[in-house]
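Q: There's a structure below that I have some questions on.
Have a look at this one:
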């Protein structure tokens, strides 16, 4: 039995309590200051209102004010905050960190460094720690297609645990692996993080077609929908994700397996990035779409912003051609500059022989 | 104005009459002996009963008995038969072929050569021609995500024209390209054909989850469906398609762009391969599933059979490891040998660093 603290009681962090609990571990679910209602519900009724599921019997819910108590003799930390909470998490956790304590994150995203470089969240997190901890804290992350409530419903799910320390990855995979939660490990943290972040950006792009079809009044009398267009965007997205991974020095196999193509596929079915893209496709401005999704964290918007700005810098510095990443650049113009032009299919590039 | 004969009045061949017609070409739609009812309907009512759409005004429908008339002064042949009709098409067309006459095929598939090698349809077709034509007939094919009735409904569609003669590809692309039908060209005919054939096999695999979810009674009370499982299969499928392309000497970029990932995505939404996989996922035997889809051509079943047999031979000859292509091997056991075991997630392999 291992003592695991989950920081962040959102759907993904909480869902992972199920495989941990099934494996007999001591799971302490700590809400952030945004999760008080969730923790209250978990305490009073064992019910997670966003997952719409009971939490497993062995899980202990804690309010953020009780963090010290939850952290007693902790052996593993599962970081379940979203990308906007990464700085907060680093500051909140640092008093409790010690060399060798494994941190496993569901958090995904990219940040722009001061020098215009693109940085993955693990590096952002580590930079926020006191200097004496920076070199000795081990940070791993989960990639691959994973809708939270399907994990806690024990549907077969295949994920990748990525980190820089292979022995910790093996240790963590053994803690979480069940008959339905299948885990591969890799030291390609950069490749997995890039896929995880970029799939949110591109899913919004694929989902534009949902909104475009709604504008037309849905499928026509013959049943013609807009899947060809969605699939064209999906293919271009997979190709551009490959290029992002390659440029960031990751292993490109991630782009055409679980973390890239697989996660892009599931995200289209599963959530906020698709709803956001659908609203934009219906012709709503970014402000209107954000308002319509009030209160929801838009990882896709953040990923488009960050990637688009980095592309602008790379292009200005001659590190990227203006013709590279045409889909991401289009999404950036749409989302950040408010330019509602047609999807520029003819600018999509394939390095075909 | 170019005179184009479409041989085969199925949905895909007929749908391509729309961009051709929009570009002002003389389009002659010739049904096979299986298409008599379709041609009759097109003649009498300008209505295609399977597309459930009118055929464009400039399209001339012909019965197969009128082939000679339709072929008068033909400049381009669009081959619209399915993979089972490829031998028939070669024999039927050969009297009309002449050096330099371009043939463009929507037909997709793989055949097993007598020596256990895997052969793409262009080679199968060319082998069936009289020897004097084999070296001088140009055969190109269309790959990429393309649901027929969406093409004829003029939805944005992105495809790849693949062939061995770049100047003919440019000529053909110019004939078909419209403001909604976007075309890239490549000389990687093998890569595009392998993607086109294998996506049918793997889509049936992804769609197993539809049937598995039906067996459970649909999503649970929390809304948990089975997209994680579908996406795990999708990721593995994309990865295995990459490996097929690589082994067959194609350009791997096709696997992670339009012809591979894009076409796999659209096929999941669009047709017979998905219905077939869904029936198998519900626990029907192959015979029951085939019966339930009576009269429909099952490209997925054929692709699984051919690829699975070739894998058996490759393995016996030491050309493939028994651990390679675990998803295709599972589908082969399920479909050809009738073994209804669990999906072997733990045997899926990723060459991750």
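Chains as they are written, first to last, in the numbering used here: chain A, 1 to 353; chain B, 1001 to 1353. Just so you know, even glycine gets a beta-carbon here, dropped at the ideal spot from N, CA and C. Note that the coordinates shown come from a computational prediction; the quantities given were computed from them, not determined experimentally.
So with Cβ pairs under 8 Å, would you call residue 239 of chain A a contact of chain B?
A: As a first step, residue 239 of chain A must be located in the first chain, where it is residue number 239. It does: the Cβ of residue 239 of chain A has a partner Cβ on chain B nearer than 8 Å.
Q: Does the beta-carbon of residue 122 of chain A have 16 or more other beta-carbons within 10 angstroms, so that it is buried, or is it exposed?
A: For this step, residue 122 of chain A is matched to residue 122 along the first chain. With 16 or more other Cβ atoms within 10 Å, it is buried.
Q: Whose C-alpha, out of B/1111, B/1350 and B/1083, is nearest the C-alpha of residue 1233 of chain B?
A: Start at 1 with the first residue of the second chain, and residue 1233 of chain B comes out as number 233. The residue with the shortest Cα to Cα distance from residue 1233 of chain B is B/1350.
Q: Using the C-alpha atoms, what's the distance from residue 1337 of chain B back to residue 355 of chain A?
A: No answer is possible for residue 355 of chain A: the residues shown for chain A start at 1 and end at 353.
Q: Let me see if you follow: with CB-CB separation under 8 Å, is residue 273 of chain A close to chain B or not?
A: Locating residue 273 of chain A in the first chain gives position 273, where the first residue counts as 1. Closer than 8 Å: no.
Q: Sorted by chain position, which residues of the same chain lie with C-beta nearer than 6 Å to residue 259 of chain A's C-beta, five sequence neighbours on each side aside?
A: Position 259 of the first chain, counted from the first residue, corresponds to residue 259 of chain A. In the same chain as residue 259 of chain A, and ignoring 5 residues on each side of it, the C-beta atoms closer than 6 Å to its own belong to 143, 144, 160, 192 and 195, in chain order.
Q: Using a Cβ cut-off of 8 Å, which residues of the region 1153 to 1178 of chain B contact any Cβ in chain A, in chain order?
A: So the close ones are 1153, 1155, 1156, 1157, 1158 and 1160.
Q: Less than 8 Å between CB atoms is the rule here; does residue 1021 of chain B satisfy it with respect to chain A?
A: By one-based count along the second chain, residue 1021 of chain B stands at place 21. Judged by the 8 Å Cβ criterion, residue 1021 of chain B is not in contact with chain A.
Q: Which same chain residues end up closer than 6 Å to residue 1238 of chain B when comparing Cβ atoms and leaving out the 5 residues on each side of it in sequence?
A: If you number the second chain from 1, residue 1238 of chain B lands on position 238. Around residue 1238 of chain B: 1261.
Q: Give the list of continuous alpha helix (DSSP H) stretches no shorter than 4 residues that lie fully inside the region 1048 to 1121 of chain B.
A: Look at the region 1048 to 1121 of chain B and you find these whole runs of alpha helix (DSSP H), each 4 residues long or longer: 1067 to 1070 and 1086 to 1093.
Q: Look at the alpha carbon of residue 235 of chain A and the alpha carbon of residue 1148 of chain B, and state the distance between them as a whole number of angstroms.
A: Position 235 of the first chain, counting from 1, holds the residue named residue 235 of chain A. Position 148 of the second chain, counting from 1, holds the residue named residue 1148 of chain B. About 18 Å.
Q: Pick helix, strand or coil for residue 180 of chain A, following the three-state DSSP scheme.
A: The sequence position of residue 180 of chain A within the first chain is 180, counting from 1. Coil.
Q: Less than 8 Å between CB atoms is the rule here; does residue 276 of chain A satisfy it with respect to chain B?
A: Within the first chain, numbered from 1, the residue matching residue 276 of chain A stands at position 276. No, residue 276 of chain A lies away from the interface with chain B (no Cβ there is under 8 Å from its Cβ).
Q: Going by Cα to Cα distance, which pick from B/1220, B/1067 and B/1341 is closest to residue 1031 of chain B?
A: For the purposes of this step, residue 1031 of chain B is identified with residue 31 of the second chain, where counting begins at 1. Taking only the C-alpha atoms, the option nearest residue 1031 of chain B is B/1067.
Q: Using a threshold of 8 Å, state whether the C-beta atoms of residue 1210 of chain B and residue 1270 of chain B are closer than that.
A: To locate residue 1210 of chain B, count along the second chain from 1; it is residue 210. To locate residue 1270 of chain B, count along the second chain from 1; it is residue 270. No, they are not a contact pair.
Q: Does residue 1226 of chain B get closer than 8 Å to chain A when you measure Cβ to Cβ?
A: Indexing the second chain from 1 puts residue 1226 of chain B at position 226. It does; some Cβ of chain A falls within 8 Å.
Q: In chain order, what residues of the same chain lie with their CB nearer than 6 Å to the CB of residue 1267 of chain B, ignoring the 5 residues before and after it?
A: Looking up residue 1267 of chain B in the second chain gives position 267. Cβ neighbours of residue 1267 of chain B beyond the five flanking positions: 1199, 1203 and 1273.
Q: Taking contact to mean 3 or more Cβ pairs, one atom from each stretch, closer than 8 Å, check whether the region 1338 to 1348 of chain B and the region 1320 to 1330 of chain B are in contact.
A: yes
Q: If contact is defined by three or more beta carbon pairs under 8 Å, each pair taking one atom from either stretch, is the region 1013 to 1027 of chain B in contact with the region 1070 to 1089 of chain B?
A: Result yes; three or more Cβ-Cβ pairs closer than 8 Å.
Q: At which residues does the alpha helix (DSSP H) containing residue 1136 of chain B begin and terminate?
A: By 1-based counting over the second chain, the position of residue 1136 of chain B is 136. Note, residue 1136 of chain B: premise wrong, no alpha helix (DSSP H); not H, not E.
Q: Alpha carbon to alpha carbon, what distance is there between residue 137 of chain A and residue 97 of chain A?
A: On the first chain, position 97 is the one that residue 97 of chain A refers to. On the first chain, position 137 is the one that residue 137 of chain A refers to. For residue 97 of chain A and residue 137 of chain A, the distance between alpha carbons rounds to 8 Å.
Q: Where are the alpha helix (DSSP H) runs, 4 residues long or more, that stay fully inside the region 141 to 203 of chain A, in chain order?
A: 148 to 152 and 166 to 176
Q: How many Å lie between residue 1227 of chain B and residue 152 of chain A at the Cα?
A: Mapped onto the second chain, residue 1227 of chain B falls at position 227. Mapped onto the first chain, residue 152 of chain A falls at position 152. Cα to Cα, residue 1227 of chain B sits roughly 13 Å from residue 152 of chain A.
Q: Which first and last residues belong to the alpha helix (DSSP H) in which residue 28 of chain A is found?
A: Taking the first chain and counting its residues from 1, one reaches residue 28 of chain A at position 28. Taken as a continuous stretch (DSSP letters only), residue 28 of chain A belongs to no alpha helix (DSSP H), being part of the beta strand (DSSP E) at 26 to 30.
Q: Rounded to whole angstroms, what's the CA-CA distance from residue 300 of chain A to residue 83 of chain A? Just pull it up for me.
A: On the first chain, residue 300 of chain A is found 300 positions in, with the first residue counted as 1. On the first chain, residue 83 of chain A is found 83 positions in, with the first residue counted as 1. Roughly 11 Å separates the two Cα atoms.
Q: State the start and end residues of the unbroken beta strand (DSSP E) segment that holds residue 1003 of chain B.
A: Sequence index remark: in the second chain, residue 1003 of chain B carries index 3 (1-based). Taken as a continuous stretch (DSSP letters only), the beta strand (DSSP E) holding residue 1003 of chain B covers 1003 to 1007.
Q: Among B/1141, B/1070 and B/1182, which residue has its Cα nearest to the Cα of residue 1162 of chain B?
A: Start at 1 with the first residue of the second chain, and residue 1162 of chain B comes out as number 162. When only C-alpha atoms are compared, the closest one is B/1141.
Q: Would DSSP call residue 345 of chain A helix, strand or coil?
A: Residue mapping note: residue 345 of chain A aligns to position 345 of the first chain, counting from 1. Residue 345 of chain A falls in the helix class under three-state DSSP.
Q: Going by CA-CA distance only, name the one from A/89, A/24 and A/92 that's closest to residue 60 of chain A.
A: The count along the first chain starts at 1 and reaches residue 60 of chain A at position 60. Checking every option, the nearest Cα to that of residue 60 of chain A belongs to A/24.
Q: Where does residue 297 of chain A sit, in a helix, a strand or coil, going by DSSP?
A: Numbered from 1 along the first chain, position 297 holds the residue referred to as residue 297 of chain A. In this structure, residue 297 of chain A counts as coil in the three-state DSSP scheme.
Q: Compute the Euclidean distance between the alpha carbons of residue 979 of chain B and residue 353 of chain A, then round it to the nearest angstrom.
A: Residue 979 of chain B lies beyond the stretch modelled for chain B, which goes from 1001 to 1353, so this question has no answer here.
Q: Beta carbons nearer than 8 Å to chain B: which residues of the region 184 to 210 of chain A have them?
A: Taking 8 Å as the Cβ-Cβ cut-off, the region 184 to 210 of chain A approaches chain B at 184, 185, 186, 187 and 188, given in chain order.
Q: Rounded to whole angstroms, what is the Cα-Cα separation between residue 1115 of chain B and residue 1314 of chain B?
A: Translated into positions along the second chain, residue 1115 of chain B becomes position 115. Translated into positions along the second chain, residue 1314 of chain B becomes position 314. Distance between the alpha carbons of residue 1115 of chain B and residue 1314 of chain B: 11 Å.
Q: Going by C-alpha distance, which of A/177, A/105 and A/326 is nearest residue 241 of chain A?
A: Here residue 241 of chain A is taken as the residue at index 241 of the first chain, counted from 1. It is A/326 whose Cα lies nearest to the Cα of residue 241 of chain A.
Q: Residue 1234 of chain B versus chain A: which residues are under 7 Å apart at the beta carbon?
A: Numbered from its first residue, the second chain carries residue 1234 of chain B at position 234. Those are 261, 262 and 265, listed as they occur along chain A.
Q: Skipping 5 residues on each side, what residues in its chain have a beta carbon closer than 8 Å to that of residue 134 of chain A?
A: Here the question's residue 134 of chain A lines up with position 134 in the first chain. Cβ neighbours of residue 134 of chain A beyond the five flanking positions: 126 and 127.
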